[in-house]
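So the sequences go chain by chain: A and B. Quick note on our numbering: the first sequence kicks off at 1 and runs consecutively. Quick note on our numbering: the second sequence kicks off at 1001 and runs consecutively. Read the structure below first, then the notes.
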Amino acid sequence: MNIVMTTLSAAFLCAIAYFICFGGNWLIGQNMADQPIVVGPFVGLLLGDLQTGLILGASLQALFIGAINVGGAVSLNPSFGTTLAVAFSILSGGGEQFALALAVPLGLLGGLLEIGVNILCAAFGPLWDKAAAEGNDKKIVGLHFGVWLLKYLLFSAVIFIAIFAGATPVTNFVNNLPDFITEGLGVVAGLLPAVGFAMLLKMVWSGKLALFYLLGFLAVAYLELPLIAVATLGLIVAFAQAMIDKDMLDIKNQANNSSIGDNDQTDEEEDFLS
Amino acid sequence: MLKQIFFRSFTVFAPFNYAKQGGSGFCYALIPFINKFYKEKNEKISALTRHITWYNATQNVGTFIMGLAASMEKENSEKDYFNAESINTVKASLMGPFSGIGDTLFWGVLRVVAAGIAMTFGEQGNPLAPIIFLIIYNVPSIATRWYLTKLGYTVGAKYIESLYSSGLMGLLTKAASILGLIMIGGMTADSVTFETSLEFSLGGDQTLVLQDILDQIFVGIVPICFTLFCFYLLSKKKMNFALLIALVVVFGIFFSVIGIA
Chain A
1 MNIVMTTLSA
11 AFLCAIAYFI
21 CFGGNWLIGQ
31 NMADQPIVVG
41 PFVGLLLGDL
51 QTGLILGASL
61 QALFIGAINV
71 GGAVSLNPSF
81 GTTLAVAFSI
91 LSGGGEQFAL
101 ALAVPLGLLG
111 GLLEIGVNIL
121 CAAFGPLWDK
131 AAAEGNDKKI
141 VGLHFGVWLL
151 KYLLFSAVIF
161 IAIFAGATPV
171 TNFVNNLPDF
181 ITEGLGVVAG
191 LLPAVGFAML
201 LKMVWSGKLA
211 LFYLLGFLAV
221 AYLELPLIAV
231 ATLGLIVAFA
241 QAMIDKDMLD
251 IKNQANNSSI
261 GDNDQTDEEE
271 DFLS
Chain B
1001 MLKQIFFRSF
1011 TVFAPFNYAK
1021 QGGSGFCYAL
1031 IPFINKFYKE
1041 KNEKISALTR
1051 HITWYNATQN
1061 VGTFIMGLAA
1071 SMEKENSEKD
1081 YFNAESINTV
1091 KASLMGPFSG
1101 IGDTLFWGVL
1111 RVVAAGIAMT
1121 FGEQGNPLAP
1131 IIFLIIYNVP
1141 SIATRWYLTK
1151 LGYTVGAKYI
1161 ESLYSSGLMG
1171 LLTKAASILG
1181 LIMIGGMTAD
1191 SVTFETSLEF
1201 SLGGDQTLVL
1211 QDILDQIFVG
1221 IVPICFTLFC
1231 FYLLSKKKMN
1241 FALLIALVVV
1251 FGIFFSVIGI
1261 A
């Protein structure tokens, strides 16, 4: 009975955490409250283990950093994976590696769920069109927030059920996991963030700037700088480069504005800039 | 009035769905303007219908489009010759470019920098981590949101064109990419780990520890090569993100079992 009560309240608390972080993120300007670094500690705090939440949140942040839903194309749901992985880890006593390995398949499931809910909520589309055709702006606003509430209550309900039903089987599963899997998961947890960073590189990579990636890597691998110093270093380098480029741009624009006879010079500078 | 757009814009994707995406949010943000400019029922209906259509742009830069649309609605209500259809044409033409830059700057760079700094605190179990993360991300993000709301309403689309043609936009994107790349490089070294436990006996007491040799060649050679290989698979081979993750899980366990790692 006691265990049931504990699981029940844990499931309830996690559903609330998920609603606040995930639903809140989308209600208030994608403020990133759904990122693992926020969700992890919050779930940890509610379940009475803030430290585990913080540490798992930081590791899961690296894991999910590439999970970006560009243009509404959902692939992973980081907050879904984080909430469940942190909760299961705390409830079952599984270690960090267990949580990291669990978070990815759960994040994928969450992504599928999100796609399903987005399709489901598309059914409200015609209602909005109808309200607009009637000139009923209050109904548009009502639907705007109503669908939000419905959508995130639905997500939270899934979290609640998953934790309530899953806590015991997951705990048994963890306790009976063969050693070679547990050790293997440690290796996996070390390698998986690479996929996330690869995803990010896809966004900002350019052949000409590739050396800056190496610079960042060296700063940590050899100079052992903390990431806050790397961020500052990056800011300085980016700013310096922007100032140089700005000067070049001014020269170029000046040349463009001056007499036509200066064409040769302009071409040269354009070659240099390109 | 502009403050209304700014505050309402936060909810733009609240009921996100595949029919409207941000359509209802865009309409919601413009409703105060629509109610003010169009007193006649039919005009109000056509304005609401215009803005309830499908909409999607990175939200903290999309306020420019909202501000611009509001200023065009104002024109439309005052001048008979104004072509109302041009409002949606302009909206549609701006979504793509704004999302392209917005996603890179805010998702690819600012979020990564904020996460990187916060992760340092999180790994040490410092409860400030989530707070630092939210502040670093949201202060510039909200400032941009407000600035672009004003800019969209006052200067119009021509300003953006000139920003592109003068090369300033390219400059900004390049600087942001540099910051992003340095940060991702640092985080690769920080978070991706792989240590081989392979040892070769050279006879007698001497053993050759492979990891030591790898470290002498280049610290973190395996993590950086592995990350770049994943990048190659995702971008050049167009491999599916989920499939790649599954492969990493399988190979990680496999390496562990056969004793390489």
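Note that CB positions come from ideal geometry on N, CA and C, so glycine has one too.
Can you list, in chain order, the residues of its chain with a C-beta nearer than 6 Å to that of Ala1176/B? Leave out the 5 residues immediately preceding and following it. Closer than 6 Å at the Cβ level, and outside the excluded window around Ala1176/B, lie Leu1105, Val1109.
So if I threshold CB-CB distances at 8 Å, which residues from the stretch 1015-1037 of chain B count as touching chain A? Listed by position, the residues of the stretch 1015-1037 of chain B near chain A (Cβ gap below 8 Å) are Pro1015, Phe1016, Asn1017, Tyr1018, Ala1019, Lys1020, Gln1021, Gly1023, Ser1024, Gly1025, Cys1027, Tyr1028, Ile1031, Ile1034, Asn1035.
Taking any Cβ of chain A, which residues in the stretch 1127-1153 of chain B have a Cβ under 8 Å from it, in chain order? Here the close residues are Pro1127, Ala1129, Pro1130, Phe1133, Leu1134, Tyr1137, Asn1138, Ser1141, Ile1142, Arg1145.
Using a C-beta to C-beta distance shorter than 7 Å, which residues of chain B count as neighbours of Lys151/A? Within chain B, the residues Pro1015 have their CB atoms less than 7 Å from the CB of Lys151/A, given in chain order.
Using 10 angstroms around the beta-carbon of Pro178/A, count the other beta-carbons present and answer buried if the total reaches 16, otherwise exposed. Exposed, since its Cβ has fewer than 16 Cβ neighbours within 10 Å.
Same chain, Cβ closer than 8 Å to Phe64/A, five either side skipped, listed in chain order: Result list for Phe64/A: Gln35, Pro36, Leu76, Pro78, Gly81, Thr82, Ala103, Gly107, Gly196, in chain order.
Kindly list, in the order they appear in chain B, the residues whose Cβ is closer than 8 Å to that of Ala33/A. Neighbours of Ala33/A in chain B, taken as residues at a C-beta separation under 8 Å, are given in chain order as Leu1134.
Cα separation between Leu1068/B and Tyr1153/B? Using only the alpha carbons, I get a separation of about 5 Å.
Other residues of its chain near Gln61/A: CB distance less than 7 Å, five sequence neighbours each side excluded: Gln35, Pro36, Ile37, listed in sequence order.
Grouping DSSP H, G and I as helix and E and B as strand, with all else coil, what is Glu269/A? Any reading at Glu269/A needs caution, since the residue's pLDDT is 43, under 50, leaving its predicted position unreliable; the model's value is listed next. Helix, per DSSP.
Cβ-based contacts, 8 Å cut-off: residues of the stretch 1178-1194 of chain B near chain A: Along the stretch 1178-1194 of chain B, going in chain order, the ones with a CB nearer than 8 Å to a CB of chain A are Ile1178, Leu1179, Gly1180, Leu1181, Ile1182, Met1183, Ile1184, Gly1185, Gly1186, Met1187, Thr1188, Ala1189, Asp1190, Ser1191, Val1192, Thr1193, Phe1194.
Chain-ordered neighbours of Ile1087/B on chain A, where CB pairs are closer than 7 Å: Within chain A, no residue comes near Ile1087/B; the closest Cβ sits about 15 Å away, beyond 7 Å.
What are the boundary residues of the alpha helix (DSSP H) that Phe1098/B is part of? Counting along the chain, the unbroken alpha helix (DSSP H) around Phe1098/B starts and ends at 1085-1102.
Leu154/A lies in the alpha helix (DSSP H); which residues open and close that run? It spans 137-175 - the alpha helix (DSSP H) in which Leu154/A sits, taken as one unbroken run.
Decide if the stretch 147-165 of chain A is in contact with the stretch 1014-1023 of chain B; the criterion is three or more beta carbon pairs, one per stretch, under 8 Å apart. Here the stretch 147-165 of chain A lies against the stretch 1014-1023 of chain B, with 3 or more beta-carbon pairs under 8 Å apart.
Give the range of the alpha helix (DSSP H) segment to which Glu1199/B is assigned. Run containing Glu1199/B: none in the alpha helix (DSSP H); it sits in the beta strand (DSSP E), 1199-1201.
Ordered list of alpha helix (DSSP H) runs contained in the stretch 1138-1212 of chain B, each at least 4 residues: The qualifying runs are 1157-1165, 1168-1191.
Would you report the Cα separation of Thr329/A and Leu201/A, rounded to the nearest angstrom? The structure shown does not extend to residue 329/A, since chain A is modelled only from 1 to 274, so the question has no answer here.
Check the C-beta distance from Glu1199/B over to Thr1207/B and give it rounded, since I have them as a contact under 8 Å. Confirmed, about 5 Å.
Using the three-state DSSP reduction, which class does Gln97/A fall into: helix, strand or coil? For Gln97/A, the three-state secondary structure derived from DSSP is helix.
Let me know the secondary structure DSSP gives Gln1021/B once reduced to three states. Gln1021/B falls in the strand class under three-state DSSP.
Are Ile1005/B and Thr1144/B close, meaning C-beta to C-beta below 7 Å? No; because the gap between Cβ atoms is not below 7 Å, this pair is not in contact.
Under the three-state reduction of DSSP, which class applies to Ile260/A: helix, strand or coil? Below a pLDDT of 50, predicted positions are generally treated as unreliable, and Ile260/A, at 49, falls in that range; the measurement from the model is reported next regardless. It is helical.
Could you give the DSSP three-state label for Tyr1055/B: helix, strand or coil? Tyr1055/B sits in a strand when the DSSP states are folded into three classes.
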